[in-house]
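Enquirer: Below: one structure in structure tokens.
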Amino acid sequence: MRDIVVRDKNNQIRLKFLKWDTQFFGLKSFAVDTQRTNINRSYQNLLRKTIPRMHSTFVSAKVPVGFSQTLIDFLFDLDFRYIGTAILLEYVPNSDVASRDIPCITDKGVIIEKATGVPKDAHMLGNEFKFSRFHLDKNISQRKADAVWVSYIRNLKLSSKELLFVARYKHTAIGAVVAKQYVSKKGEKISNLFFVAVKRQYQKKCIGSQLIRYAIEWCTHRSDVITVGTQARNIKALNFYIKNGFARVRETAMILHKWGR
Ligand SMILES: CC(C)(COP(=O)(O)OP(=O)(O)OC[C@H]1O[C@@H](n2cnc3c(N)ncnc32)[C@H](O)[C@@H]1OP(=O)(O)O)[C@@H](O)C(=O)NCCC(=O)NCCS
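As structure tokens, then:
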């Protein structure tokens, strides 16, 4: 399956084909490539040409706030629905919060380490995410949304670019953080922390803070910038990240979904 490009004289929309999502949802899935989409004021022709191309598809869009109001108008005219706002935070190494000691003591039996493979008992940590864009979409059941993350961690292939940090208690995985390393268009080495989760019954015991600080220490020497993303509705996670030194907002983006069934 290929990307879809629809054009008229003045405008263009490009939909990037998503193989994994297509298999998971059983529906051809795409993401709007905002960098290669260009929508001007008179887009009625493009609208007419795009609507039939979206039958029987699931399309998502991540539009940075302030990017292009015309693009947002166009997507709403295509019947995209607002799902939430994603916030990308940046770690500020010498901020007050980053330098502060963690104000609690974790049980001595908790071990935090970089994993060499994905432990089987870490798969269930995927059930802890309740504010992901999949959970916020009414068209996806909670069970299916949980399954997205269980499936993600189950299929995660660790490499020099994808690192996994795990917290264990009595040999059981009770928390995890994934760090994805890549180079930005500006040439900055970025470590993006992703899949940050602690099992419900072990939350509020500082395990999350210790895990994330361990991941930060590991990434600090290997990257120029450390980021972490979450949904604006996940206030608990936002406060947790701020308390652990992610004191600067790097980007905010609107998440939109369209189900063309
Ligand atoms: C976000 C998450 C990873 C935090 O993990 P955690 O182990 O609970 O984190 P901590 O215990 O270090 O800190 C959580 C809170 O407990 C407080 N806390 C920690 N230990 C404490 C103690 N001994 N006594 C009192 N409070 C304590 C922290 O100050 C913090 O307070 P806050 O909620 O007011 O910010 C966890 O809540 C989680 O897995 N959530 C579901 C998945 C999720 O949403 N992940 C983020 C996706 S982007």
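First residue of the sequence shown: 1032, per this note's numbering; consecutive thereafter. Where a beta carbon is used, it is the ideal one built from N, C-alpha and C, also for glycine.
Leaving out the 5 sequence neighbours to the left and right, which residues in its chain are closer than 7 angstroms to D1039 when beta-carbon positions are compared?
Expert: Here the question's residue 1039 lines up with position 8 in the sequence shown. Hits under 7 angstroms: N1076, L1077, K1080.
Enquirer: Looking at R1264: is its Cβ nearer than 9 angstroms to the Cβ of G1115?
Expert: The sequence position of residue 1264 within the sequence shown is 233, counting from 1. The sequence position of residue 1115 within the sequence shown is 84, counting from 1. Against a cut-off of 9 angstroms, the Cβ pair of G1115 and R1264 comes out as a contact.
Enquirer: Would you give the residue range spanned by the beta strand (DSSP E) that R1264 belongs to?
Expert: For the purposes of this step, residue 1264 is taken as residue 233 along the sequence shown, with counting starting at 1. Element bounds for R1264: n/a, residue is neither H nor E.
Enquirer: So, using beta-carbon positions, are E1159 and T1258 closer together than 9 angstroms?
Expert: The residue labelled residue 1159 in the question sits at position 128 within the sequence shown. The residue labelled residue 1258 in the question sits at position 227 within the sequence shown. No, Cβ-Cβ distance for E1159 and T1258 is not below 9 angstroms.
Enquirer: For ligand 1, I want to know if S1126 counts as a neighbour, meaning its beta carbon is within less than 8 angstroms of at least one of the ligand's heavy atoms.
Expert: Counting from one through the sequence shown, the residue named residue 1126 turns up at place 95. No.
Enquirer: Roughly how many angstroms separate the alpha carbons of P1150 and T1068, rounded to a whole number?
Expert: The sequence position of residue 1150 within the sequence shown is 119, counting from 1. The sequence position of residue 1068 within the sequence shown is 37, counting from 1. So the two alpha carbons sit approximately 40 angstroms from each other.
Enquirer: Once the 5 residues before and after E1193 are set aside, which same chain residues still bring their CB inside 6 angstroms of it?
Expert: Reading the sequence shown from its first residue, position 162 is the one you call residue 1193. Closer than 6 angstroms at Cβ, skipping near neighbours: K1211.
Enquirer: Sort out for me which residues DSSP pairs V1214 with in a bridge.
Expert: Taking the first residue of the sequence shown as position 1, residue 1214 is located at position 183. For V1214, which the question treats as bridged, DSSP gives the partners K1220.
Enquirer: If distances are taken between C-alpha atoms only, which option among V1227, Q1241, I1070, K1175 comes closest to L1195?
Expert: Here residue 1195 is taken as the residue at index 164 of the sequence shown, counted from 1. Nearest C-alpha to L1195: V1227.
Enquirer: Are the beta-carbon atoms of D1138 and Y1213 separated by less than 9 angstroms?
Expert: Mapped onto the sequence shown, residue 1138 falls at position 107. Mapped onto the sequence shown, residue 1213 falls at position 182. No. Outside cutoff.
Enquirer: Please state whether the Cβ-Cβ distance between V1280 and L1242 is less than 9 angstroms.
Expert: Within the sequence shown, the letter at position 249 stands for residue 1280. Within the sequence shown, the letter at position 211 stands for residue 1242. The answer is no: Cβ separation not under 9 angstroms.
Enquirer: Residues in its own chain within less than 7 angstroms of Y1074 by CB, not counting five upstream and five downstream?
Expert: Against the sequence shown, residue 1074 aligns to sequence position 43. Only N1042, F1105 meet the Cβ criterion.
Enquirer: Run the CB neighbour count on N1186, radius 10 Å, all protein chains shown included, and call it buried at 16 or more, exposed below.
Expert: By one-based count along the sequence shown, residue 1186 stands at place 155. Burial call: exposed.
Enquirer: Taking a contact to mean a Cβ-Cβ separation below 9 angstroms, would you say T1065 touches V1094 in this structure?
Expert: Position 34 of the sequence shown, counted from the start, is the residue given in the question as residue 1065. Position 63 of the sequence shown, counted from the start, is the residue given in the question as residue 1094. Contact flag set, yes.
Enquirer: Could you check where the beta strand (DSSP E) with K1043 kicks off and where it finishes?
Expert: Residue mapping note: residue 1043 aligns to position 12 of the sequence shown, counting from 1. It should be pointed out that residue 1043 corresponds to Gln in this sequence rather than to Lys. Residues 1043-1048.
Enquirer: Name all residues in chain order for which at least one heavy atom of ligand 1 lies closer than 6 angstroms to the residue's CB.
Expert: Cβ-based neighbours of ligand 1 within the cut-off: C1135, E1159, F1160, F1162, V1227, A1228, V1229, Q1234, K1235, K1236, C1237, I1238, G1239, S1240, T1261, N1265, K1267, A1268, N1270, F1271, K1274.
Enquirer: On the DSSP bridge assignment, give the partners of K1201 in chain order.
Expert: Here residue 1201 refers to the residue found at position 170 when the sequence shown is read from its first residue. K1201 pairs with nothing; no bridge assigned.
Enquirer: Tell me, to the nearest whole angstrom, how far the beta carbon of Y1235 is from that of G1206; I am working on the premise that it is less than 8 angstroms.
Expert: For this step, residue 1235 is matched to residue 204 along the sequence shown. For this step, residue 1206 is matched to residue 175 along the sequence shown. It should be pointed out that residue 1235 corresponds to Lys in this sequence rather than to Tyr. In fact, because the Cβ distance is near 12 angstroms, the residues do not count as touching under 8 angstroms.
Enquirer: Looking at L1119: is its Cβ nearer than 9 angstroms to the Cβ of E1282?
Expert: Translated into positions along the sequence shown, residue 1119 becomes position 88. Translated into positions along the sequence shown, residue 1282 becomes position 251. The answer is yes: Cβ separation under 9 angstroms.
Enquirer: DSSP on T1068, reduced to helix/strand/coil?
Expert: Within the sequence shown, numbered from 1, the residue matching residue 1068 stands at position 37. In this structure, T1068 counts as coil in the three-state DSSP scheme.
Enquirer: Pick helix, strand or coil for H1154, following the three-state DSSP scheme.
Expert: By one-based count along the sequence shown, residue 1154 stands at place 123. It is helical.
Enquirer: Comparing alpha-carbon positions, which option in D1127, R1131, A1129, A1204 lies nearest A1146?
Expert: By 1-based counting over the sequence shown, the position of residue 1146 is 115. It is A1204 whose Cα lies nearest to the Cα of A1146.
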